[in-house]
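Beneath this line is the structure, given in structure tokens, with notes to follow.
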Amino acid sequence: MINTSLFRTTLLSGLVALAATSVASAADWRGWNIHPEGYPNTVALKTFADTVTDKTGGEVTAEVFNGGILGDQPDAIDQVRNGALDFANFNLGPMGEFVPSINVLSLPFLFTGVDQMHAVMDGKIGERFSKDLSDEGIVALAWFDSGARSFYDTQRPIEKPDDLDGLKIRVMNNQLYVDMVDDLGGNATPMAYGEVYQSLTTGVLDGAENNFPSFESSNHYEVAKFYSLTEHLILPECVCISKQSWDALSEENQKIVRQAAVDAAKQQRDLWAQRETDSRKKVEDAGVKINEISADAKTAFQDKMKPVYEKFYAANPEMKSLVEEIQATKSSN
Ligand code: GTR
Numbered sequence: 011m012i013n014t015s016l017f018r019t020t021l022l023s024g025l026v027a028l029a030a031t032s033v034a035s036a037a038d039w040r041g042w043n044i045h046p047e048g049y050p051n052t053v054a055l056k057t058f059a060d061t062v063t064d065k066t067g068g069e070v071t072a073e074v075f076n077g078g079i080l081g082d083q084p085d086a087i088d089q090v091r092n093g094a095l096d097f098a099n100f101n102l103g104p105m106g107e108f109v110p111s112i113n114v115l116s117l118p119f120l121f122t123g124v125d126q127m128h129a130v131m132d133g134k135i136g137e138r139f140s141k142d143l144s145d146e147g148i149v150a151l152a153w154f155d156s157g158a159r160s161f162y163d164t165q166r167p168i169e170k171p172d173d174l175d176g177l178k179i180r181v182m183n184n185q186l187y188v189d190m191v192d193d194l195g196g197n198a199t200p201m202a203y204g205e206v207y208q209s210l211t212t213g214v215l216d217g218a219e220n221n222f223p224s225f226e227s228s229n230h231y232e233v234a235k236f237y238s239l240t241e242h243l244i245l246p247e248c249v250c251i252s253k254q255s256w257d258a259l260s261e262e263n264q265k266i267v268r269q270a271a272v273d274a275a276k277q278q279r280d281l282w283a284q285r286e287t288d289s290r291k292k293v294e295d296a297g298v299k300i301n302e303i304s305a306d307a308k309t310a311f312q313d314k315m316k317p318v319y320e321k322f323y324a325a326n327p328e329m330k331s332l333v334e335e336i337q338a339t340k341s342s343n
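At the far end of the sequence shown sits residue 343, using the working numbering, and the numbering has no gaps.
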């Protein structure tokens, strides 16, 4: 009896060890991406996956699944955290829900511009963000650009906060965005990205908010003809690896994967700059009216966001110094 069970246990642990070795020596990585073909992030993520496959000599074979077919973003974040997915390009916005320091990035009008965001993300503070994410199961290896997000809608130009009054505005999954829109007088509706087009068409939503490339590539511009340059959020994105997949790599392969992510981010940032211009032109040519926001109106928007900051500090008093550090960071240009 004892011998049989000992035999079984030994056999079983042998098999488990064998399985673990084969996983470690040849891993099939599945990557999540919400964007379509041709989008800067899609192109760069493909470069990342191909480089990883190539440079690890096939020890890691990485494949990206585009268009959010593996789930919506909050769901994919969970899957990366629990190891069901190996890598992804995520917007840091929805990740703030479980990492308070990351949520600082979702405070409206935090940055003066994209250059300041780069200076923050590429410096010491960016390293701190990586560390905090890693404690939650996500290894962020490099930062993608995502420009600035502005409101767009089907009803009217938004030139001052009052213009948002009563508009049903889709936001990403994060309570901060609900507070942001509600404090501006709109009705915030958290919703998956993939459902927004249909909801704009049927009137379930009056509007949403995003950067030019996403506004264009999602075809929201076909329905929402007013794009108002509030630029209330400048949210970086990450090339993120599941901590479980990362820990299973040899040290050498970790170096390869890290370098591939850094190179992919360089490519993404170059493509991004061009795509912003192209997307803006495309939507304007399609009849979208782009509204500038005057300096006074911008101040009015910023003033309305004070309760959002206060509520956030009340729940996370230790984050105040991080916000101040970010605001004191000089732009790289
Ligand atoms: C895009 C971003 C996506 C997703 C989307 C959204 O700009 O790149 O990751 O966050 O916005 O609004 O859901």
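Every residue gets a Cβ at the ideal spot worked out from N, C-alpha and C, and that includes glycine. Being a predicted model, the structure only gives us computed values, none of them experimental.
Between the beta-carbon of residue i and the beta-carbon of residue j, is there less than 8 Å?
i	j	result
residue 102	residue 87	no
residue 118	residue 259	no
residue 252	residue 95	yes
residue 154	residue 51	yes
residue 149	residue 180	no
residue 177	residue 217	yes
residue 71	residue 38	yes
residue 309	residue 126	no
residue 46	residue 77	yes
residue 236	residue 289	no
residue 219	residue 160	yes
residue 163	residue 59	no
residue 345	residue 100	The question about residue 345 has no answer, for the chain in this structure spans 11 to 343.
residue 223	residue 166	no
residue 116	residue 245	yes
residue 229	residue 107	no
residue 301	residue 238	yes
residue 364	residue 272	Summary: the structure shown does not reach residue 364, with the chain confined to residues 11 through 343, and so no result is reported for it.
residue 307	residue 170	yes
In the DSSP assignment, find the unbroken alpha helix (DSSP H) run with residue i in it and report its ends.
i	result
residue 109	From DSSP, residue 109 is part of no alpha helix (DSSP H); its letter is neither H nor E.
residue 87	83-91
residue 51	50-65
residue 6	In the structure displayed, the chain extends from 11 to 343; residue 6 sits before or after that span and is not available.
residue 331	330-337
residue 132	Segment: none, residue 132 is in no alpha helix (DSSP H) and carries neither H nor E.
residue 309	305-314
Does ligand 1 have a heavy atom nearer than 7 Å to the CB of residue i?
i	result
residue 185	no
residue 247	yes
residue 220	yes
residue 315	no
residue 83	yes
residue 289	no
residue 160	no
residue 179	no
residue 227	no
residue 44	yes
residue 182	yes
residue 136	no
residue 103	yes
residue 156	yes
residue 203	yes
residue 209	no
residue 224	yes
My understanding is that residue i touches residue j, with C-beta atoms under 8 Å, so please give their C-beta distance in whole angstroms.
i	j	result
residue 196	residue 172	Contact flag wrong, Cβ pair sits at about 10 Å.
residue 124	residue 336	About 14 Å; that fails the 8 Å criterion.
residue 296	residue 231	6 Å
residue 98	residue 109	Contact doesn't hold; Cβ gap of about 15 Å is too wide.
residue 62	residue 303	Contact flag wrong, Cβ pair sits at about 42 Å.
residue 193	residue 104	Not confirmed; about 20 Å, so no contact.
residue 315	residue 323	At roughly 13 Å, the Cβ-Cβ gap does not stay under 8 Å, so residue 315 and residue 323 are not in contact.
residue 198	residue 187	6 Å
residue 275	residue 54	7 Å
residue 264	residue 57	About 18 Å separates the two Cβ atoms, so there is no contact after all.
residue 114	residue 333	6 Å
residue 321	residue 189	6 Å
residue 135	residue 240	About 25 Å separates the two Cβ atoms, so there is no contact after all.
residue 10	residue 93	Residue 10 is absent from the structure shown; the chain starts at 11 and stops at 343.
residue 85	residue 204	The Cβ separation is near 11 Å, so there is no contact.
Specify, as a first and last residue, the run of the beta strand (DSSP E) that residue i falls within.
i	result
residue 236	236-243
residue 71	70-75
residue 300	299-301
residue 296	From DSSP, residue 296 is part of no beta strand (DSSP E); its letter is neither H nor E.
residue 96	Segment: none, residue 96 is in no beta strand (DSSP E) and carries neither H nor E.
residue 37	37-42
residue 247	247-252
Quick check on the DSSP output: what are the complete alpha helix (DSSP H) runs of length 4 or more inside the stretch 135-197, in order along the chain?
185-193
Quick check for students: name the residue ranges of the alpha helix (DSSP H) that lie wholly in the stretch 200-232, counting only runs of 4 or more.
206-212, 222-227
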